[in-house]
Amino acid sequence: MTRRISLTQYLVEEQRERGRIPAQLRLLLEVVARACKSIAISVNKGALGGVLGSAGSENVQGEVQKKLDIIANEVLIEANEWGGALAAMASEEMDSIYVVPNRYPQGEYLLLFDPLDGSSNIDVNVSIGTIFSVLKKQSDTPGVSTQDFLQPGSAQVAAGYCVYGPQTTLVLTVGDGVAMFTLDREQGSWVLTADEVRIPEDTKEFAVNMSNQRHWAPPMQRYIDECLQGKDGPRGKDFNMRWVASMVADVHRILCRGGVFMYPWDKREPAKAGKLRLMYEANPMGFIVEQAGGAATNGKQRVLDLQPGQLHERVSVILGSKNEVERASAYHREAG
Ligand code: AHM
Ligand code: MG
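The sequence shown lines up with residues 78 to 413 when you count with my numbering.
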């Protein structure tokens, strides 16, 4: 029988061999993974657990919250507040940061998450997920503020996501490649099922919400037009399109077999940089994709180099197979 490597063993050995996961960070990652297990159980219960449908509230970005958005957010907060590794947390579903209460010790890490990504898919039984990012508080001054979170994605010490799909899969990077773990439900444990994941540099598959095409900027229009022309166009090959409308699921497919994912700027709301959030979606996914040999840009700049100005900042995203991301960036550069 092949030896099964658990998440705990993976984290311990990563620390022993490369010194990248100090005890506090390991605790934090294990607790996040445990919270994802608990969210997976609620997701699986669906209508039987009374977790489907709208919660009747809106988040800070004016989006209607689903019951599961709120449940997942609470699970992550409750699981993580007592461990002593964290100073504070920030979530797509909370207006402001959540400082670890005084009754618990405060650690040096900051945790950010999109508790339930792909909310529009919850009620229709399509893959959804949780995305998370870990930063280290930079200042030694006591207390913690929003300012402590405003670090570029390149400062992340870990990032990951969990897909609640046909299988429940946890994908993790601590800046030393990407590993995937599958949840063994009988055992209740995460088992390493892929390590040193690599995204092919070339692809014939793109993921974008095509219904918005007419609203994109010219370089995006050009990139997709050329893909659509297939064999007869300048690309000289036919492309395939996939759009789950859950970033976790679309990015997971790209990690498994290559592709390029885009959520571009749109002229209907010119002041809005994009739909996706820099701190909860683009940065963690950008970190993972780069660690797997891919690239992530907003068209003009590497996502991980962007200096966030505010917690809930939005960004335009192109990520995945390196050569396609590079081509789309080149079209943006040429357009000026
Ligand atoms: P959410 O975090 O509220 O679920 O929104 C983000 C999601 C992404 O997962 C996905 O890529 C995108 O929104 C889908 O948008 P659209 O419904 O426009 O296709
Ligand atoms: Mg999301």
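Every residue, glycine too, gets a C-beta built ideally from N, C-alpha and C.
Contact between residue 363 and residue 380 holds, with the beta-carbon distance rounding to 4 Å and staying under 8 Å.
Non-local C-beta neighbours of residue 160 in its own chain, meaning closer than 6 Å and more than five positions away in sequence, comprise 104, 108, ordered along the chain. DSSP places residue 288 within a helical segment (H, G or I) once states are collapsed to three. Sequence-distant partners of residue 349 (beyond 5 residues in either direction) whose C-beta falls short of 7 Å from its own C-beta, in its chain, are 391. Following the DSSP letters along the chain, one finds residue 166 inside the beta strand (DSSP E) bounded by residues 163-168. When only Cα atoms are considered, residue 375 and residue 295 end up about 14 Å apart.
In this structure, DSSP gives residue 121 a helical state, which the three-state scheme calls helix. Comparing C-alpha distances from residue 134 to each of 86, 215, 148, 228 shows the shortest one belongs to 148.
Comparing alpha carbon positions, the residue from 384, 407, 311, 175 closest to residue 230 is 384. When DSSP states are grouped into helix, strand and coil, residue 133 belongs to the strand group. The closest CA to that of residue 152, considering only 346, 281, 118, is found on 118. Judged by DSSP in its simplified three-state form, residue 282 adopts strand. Straight across, the Cα-Cα distance linking residue 84 with residue 95 is about 16 Å.
Taking the Cα positions, residue 100 is about 28 Å away from residue 194. No heavy atom of the ligand AHM is found nearer than 6 Å to the CB of residue 393. For the ligand AHM, no non-hydrogen atom lies closer than 6 Å to the CB of residue 343.
It is roughly 23 Å from the alpha-carbon of residue 166 to the alpha-carbon of residue 120. Note that the C-beta distance between residue 388 and residue 223 is below 7 Å. Secondary structure of residue 218 (DSSP, three-state): coil. The beta carbon of residue 289 lies closer than 6 Å to those of 343 in the same chain, with the five residues before and after it left out. DSSP places residue 190 in the strand class (E or B) of the three-state scheme.
Annotation: residue 322 is outside any beta strand (DSSP E) and is labelled neither H nor E by DSSP.
Taken through DSSP and simplified to helix, strand or coil, residue 261 comes out as strand. The residues 84, 247, 267, in chain order, have a CB closer than 7 Å to that of residue 110 in the same chain once the five nearest residues on each side in sequence are set aside.
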